[in-house]
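Numbering (our numbering), first residue to last: 9 to 338.
All C-beta atoms in this analysis are idealised placements derived from N, C-alpha and C, irrespective of residue type, glycine included.
Since the structure is predicted, the reported quantities are computational estimates derived from the model, not experimental observations.
Have a look at this one:
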């Protein structure tokens, strides 16, 4: 029995994942916008909808709560759900502060419920292939993993809210990338160096926010393995500017891996090219299936709360480096 808290885009993705995994029943939704909750309930044929998540959890008595609110509210919803005996899968980022993330992890442990995060890219079959290629030494080590992208200011303005929203691109977007690097490298970060700007600081669309988050950054992360992760990201372009992805590749002593959609291309010495295609994966379905299996088998899910806390530490280190213009050790 699953209750979804937050009936927006991610709540919709979670519902699809739960329905496709075939091992869970959606029983309730809660959203502060009652009309949106009602529309969601109709769309997914839910018997109950609420405008208060507390009432939803108390009355629907779910086994699992999917937390799909802005990040600022993740801690209070997660803690309430855990204290009412529900396992919790929260969207990323885990929270906006390390203290709040710690309370989430400790409460779910104390209440003996499973806790996981929406780092669904771990379940992309290409992620396993990249990890395999690096672990086998086919590309040599160490490597540099480069990723970039740029987009207009986010239609959901709370994503730019540094205090009561999602914390901006460095926290909300980069945590996915950081988790991906940790998993693929099989190593932990040791140092973060970053520079950043707030390109949209004067946009009238964001004038209502008390503090606009950094929206544009270049971040370099050194790992204990010697590998390097490098990302440049922007959410600060004018409205209507199309999303553009740039570099998405891994450079190593023995060649280069290029990511393109659900395909990989491996470039080797002597002009040899290998293509790996058909890596498309229903990542939310796999994320939810793993969580249900973890509950049934009483094992840790593949993604645990500590993964979320480490990702947040990396994001906060990047923001500190942007502010101080100095590297930050982890």
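- Contact annotation, residue 86 with residue 68: C-beta distance approximately 16 Å; criterion of less than 8 Å not satisfied.
- Nearest C-alpha to residue 137 among 188, 276 and 78: 188.
- Using a Cβ distance threshold of 9 Å, residue 24 and residue 293 count as a contacting pair.
- Between residue 27 and the set 246, 53 and 176, the nearest pair of CA atoms involves 53.
- The continuous alpha helix (DSSP H) containing residue 17 extends over residues 17-29.
- The Cβ neighbour count for residue 244, taken over all protein chains shown within 10 Å, is at least 16; the residue is labelled buried.
- Cβ neighbours of residue 172 within its own chain (closer than 6 Å, five residues either side excluded): 80.
- For residue 189, the secondary structure class from DSSP, reduced to helix, strand or coil, is helix.
- Residue state for residue 158 is assigned as strand, using DSSP reduced to three classes.
- Judged by DSSP in its simplified three-state form, residue 124 adopts strand.
- Burial of residue 82 is indicated by the presence of at least 16 other C-beta atoms within 10 angstroms of its C-beta.
- Secondary-structure assignment with DSSP links residue 47 through no beta bridge to anything.
- For the pair of segments examined, the stretch 186-203 was found to touch the stretch 125-136: the number of CB pairs separated by less than 8 Å reaches three.
- The Cβ atoms of residue 89 and residue 59 lie no closer than 9 Å to each other.
- Beta-bridge partners assigned by DSSP to residue 56: 36.
- With 16 or more other Cβ atoms from the protein chains shown falling within 10 Å of its own Cβ, residue 260 counts as buried.
- A check of alpha carbon separations from residue 112 across 219, 134 and 84 identifies 84 as the nearest.
- Under the DSSP definition of a beta bridge, residue 240 partners with 156 and 226.
- In the structure shown, the three-state DSSP call for residue 220 is strand.
- Rounded to whole angstroms, the separation of the alpha carbons of residue 181 and residue 9 is 29 Å.
- Between the beta-carbon of residue 226 and that of residue 203 there is about 5 Å, and that keeps the pair under the 8 Å contact cut.
- Residue 254 sits in a strand when the DSSP states are folded into three classes.
- The closest CA to that of residue 29, considering only 324, 315 and 299, is found on 299.
- The stretch 147-155 makes no contact with the stretch 210-223: fewer than 3 CB pairs, one atom from each, lie closer than 8 Å.
- Contact between residue 323 and residue 183 is confirmed by a C-beta separation of about 6 Å, below the 8 Å threshold.
- Bounds of any beta strand (DSSP E) do not take in residue 331; it lies within the alpha helix (DSSP H) bounded by 313-332.
- Residue range 72-75 is occupied by the beta strand (DSSP E) that includes residue 74.
- Rounded to whole angstroms, the separation of the alpha carbons of residue 101 and residue 321 is 11 Å.
- By the C-beta criterion, the stretch 236-254 is judged not to be in contact with the stretch 279-286, since fewer than 3 inter-stretch pairs fall below 8 Å.
- Where residue 9 is concerned, there is no enclosing beta strand (DSSP E), because DSSP gives it neither an H nor an E.
- The alpha-carbon separation between residue 253 and residue 16 amounts to approximately 25 Å.
- Residue state for residue 299 is assigned as helix, using DSSP reduced to three classes.
- Between residue 175 and residue 104, the C-beta spacing is below 9 Å.
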